[in-house]
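Below you'll find the structure, written out as structure tokens, and then a few comments.
In full-length UniProt numbering, the protein residues as written are 1 to 664.
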């Protein structure tokens, strides 16, 4: 095998690509128009565009992927996970095209593709399944009869899918008919199949999955378990191996059951058999994932086996050279999924990843599909990276996870870091008391700082000044009137807005020694070093490290002690704002460059004004400053009355440019 096409994107495409490099295989990428500059494209030897951003027009186009493989001389296709990885028709297309499909045969995918069929196969193999109904009669009447027999709580599940789609919990049979209709609609829309099965709802189970490897010569092995109980909306966010709940005997029993299921399906390559484990220690088969799992790294770290390399070896026709007795789990590994999403609502976030600084150190692995400057778009799963840690035991792994999460910096995007940190630090998690209801049973406090701490303000003042000096030819929000504010020893003002909080820092420095005054208090600061994205300051006798970046709007983004902060520098009351209508001001607002008193208003709301006309007089630092109109237009709003005290950074007046006033 000389060349392989990777029919995926993101971190899994990068993971497979790197395995290809190690094996001397030339990797080929495919991409949508939205991913033209993505990491997996940048790292490949060749890349082929499949079409527009929508997955149905790009990554799900099997014919286009086959054509790309032929055009680039690829001999094999690795589907990764998601997209076409569990599509039997695509696996068959590869075989018919003479291409190696790095995954199971299409017959095995079909055997395990539906939950109903998989349950039948597991039962025939002597593996326990959750009590329920999986018959062919899908009439409302029959399903109601079976629901009454099973009793509540009851779970309705789409046969064809996963990820929580087509799933409903029924706690009162009076609502069964409505829940059934909803599950069917969702299943039909998501999978094109509205068949469902009914199961007794196992309350607060653990989600346990067994990794299997099978070659084409009849050898099937299990590689121990992963526990994936901590989920949100039926999707995993934290996985670990081994499970704190399994004894060696139970591990062996569940592993043997997984092997029986794989044999019954005629399985070849890597796959995962999923179970639920009830509080009494009884396990039940759920389904089989006929692909590489997102969480495969934790198994790799505790077994020392590279699953992607074994996938490729098996696909090339090589036999497994291991025996079951040679496979052992050593230490403990934990994986968390770092998403661009709100940590409370779980809604995805989009935008540019201004800076991504993952943690490093012993026992830390990061599988990422994005780097600083890349985009998270609306088109695909918003995963940024997987953070995996390993330790000699579970306690060490949890401690390492907490430290690694605290060291992770993501600027420019909303992420679930706060959720991951709260999970890792929770006493119940540390104790191993995990189940699928963990987030319901343990509401997490995810409060974020309401305003930047003084350390961030001091760093921001220095970084803003350095930016202004470095870009003097084309300044970034640079205030040409700044010299007029250098009264006595007060220093040069740097204005910040963070949410509703506005403040001004006055800076002076000689070399690397700075004096920064914030709200009347002076702070001596020594700049130890500053690079392109990193700054180290000495504050009060201690060293503090800050990471920073600017986003496209020019806001200063600072990462410190595990949190990210956004500091906006309001457009100044300055001559450059008077050179063009709008002047870069949101809502045409002119901001106070420092605290002061509005001693006189010279205009009123609704009044037409001319460019250069005096608007108000602000007294600051014992001097009067006249604010003039930057362009002709209309006074839209005067937020402050005459005599009011104002803080630095607030809007003093809102104007409507002449052209905008006419248009409106």
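Where is the CB? At the ideal position from N, CA and C, for every residue including glycine.
Three-state secondary structure (DSSP) of residue i
| i | result |
| --- | --- |
| residue 293 | coil |
| residue 654 | strand |
| residue 11 | helix |
| residue 59 | coil |
| residue 152 | coil |
| residue 639 | coil |
| residue 493 | strand |
| residue 530 | strand |
| residue 90 | helix |
| residue 568 | strand |
| residue 39 | helix |
| residue 561 | coil |
| residue 96 | helix |
| residue 4 | strand |
| residue 271 | strand |
| residue 669 | Limits of the chain in this structure are 1 at one end and 664 at the other, which puts residue 669 out of reach. |
| residue 130 | coil |
| residue 123 | helix |
| residue 116 | helix |
| residue 607 | coil |
| residue 592 | coil |
| residue 51 | strand |
| residue 413 | coil |
| residue 631 | coil |
| residue 367 | strand |
| residue 645 | strand |
| residue 457 | helix |
| residue 31 | strand |
| residue 619 | strand |
| residue 138 | coil |
Counted within 10 angstroms of its Cβ, other Cβ atoms place residue i as buried (16 or more) or exposed
| i | result |
| --- | --- |
| residue 341 | buried |
| residue 586 | In this predicted model, residue 586 has a pLDDT of only 35, less than 50, meaning its place in the structure is not dependable; the value taken from the coordinates is given anyway. Exposed: under 16 other Cβ atoms inside 10 Å. |
| residue 378 | exposed |
| residue 559 | buried |
| residue 93 | buried |
| residue 104 | buried |
| residue 414 | buried |
| residue 217 | exposed |
| residue 282 | exposed |
| residue 119 | buried |
| residue 465 | buried |
| residue 156 | buried |
| residue 308 | buried |
| residue 347 | exposed |
| residue 319 | exposed |
Endpoints, alpha helix (DSSP H) assigned at residue i
| i | result |
| --- | --- |
| residue 406 | 394-407 |
| residue 434 | Segment: none, residue 434 is in no alpha helix (DSSP H) and carries neither H nor E. |
| residue 181 | 176-191 |
| residue 438 | 438-441 |
| residue 733 | Beyond the ends of the chain as shown, which are 1 and 664, falls residue 733; an answer cannot be given. |
| residue 446 | It is not in any alpha helix (DSSP H) - residue 446 carries neither H nor E in the DSSP assignment. |
| residue 422 | 417-425 |
Anticipated Cβ contact below 8 Å, residue i with residue j, distance rounded
| i | j | result |
| --- | --- | --- |
| residue 675 | residue 244 | The question about residue 675 has no answer, for the chain in this structure spans 1 to 664. |
| residue 239 | residue 206 | Not really, about 12 Å apart at Cβ, beyond 8 Å. |
| residue 355 | residue 411 | 4 Å |
| residue 628 | residue 613 | 6 Å |
| residue 230 | residue 434 | 6 Å |
| residue 299 | residue 271 | At roughly 12 Å, the Cβ-Cβ gap does not stay under 8 Å, so residue 299 and residue 271 are not in contact. |
| residue 159 | residue 114 | 5 Å |
| residue 617 | residue 518 | The Cβ separation is near 26 Å, so there is no contact. |
| residue 615 | residue 653 | 6 Å |
| residue 268 | residue 258 | About 15 Å; that fails the 8 Å criterion. |
| residue 280 | residue 331 | Contact doesn't hold; Cβ gap of about 29 Å is too wide. |
| residue 196 | residue 184 | 6 Å |
| residue 533 | residue 547 | 6 Å |
| residue 74 | residue 129 | In fact, because the Cβ distance is near 40 Å, the residues do not count as touching under 8 Å. |
Residue range of the unbroken beta strand (DSSP E) whose run includes residue i
| i | result |
| --- | --- |
| residue 72 | Segment 62-72 is the alpha helix (DSSP H) holding residue 72; no beta strand (DSSP E) there. |
| residue 386 | 383-391 |
| residue 600 | 596-601 |
| residue 546 | 542-550 |
| residue 197 | 196-200 |
Neighbour flag for residue i against chain B, beta carbons, 9 Å
| i | result |
| --- | --- |
| residue 36 | The structure shown contains no chain B; it is built from a single protein chain. |
- Message: Which complete alpha helix (DSSP H) runs does the region 277-358 hold, if anything under 4 residues is left out?
- Response: Segments of the alpha helix (DSSP H) lying fully in the region 277-358: 296-303, 307-315.
- Message: List, from N- to C-terminal side, the alpha helix (DSSP H) runs of 4 residues or more that fit wholly inside the region 205-267.
- Response: Whole alpha helix (DSSP H) segments, 4+ residues: 248-264.
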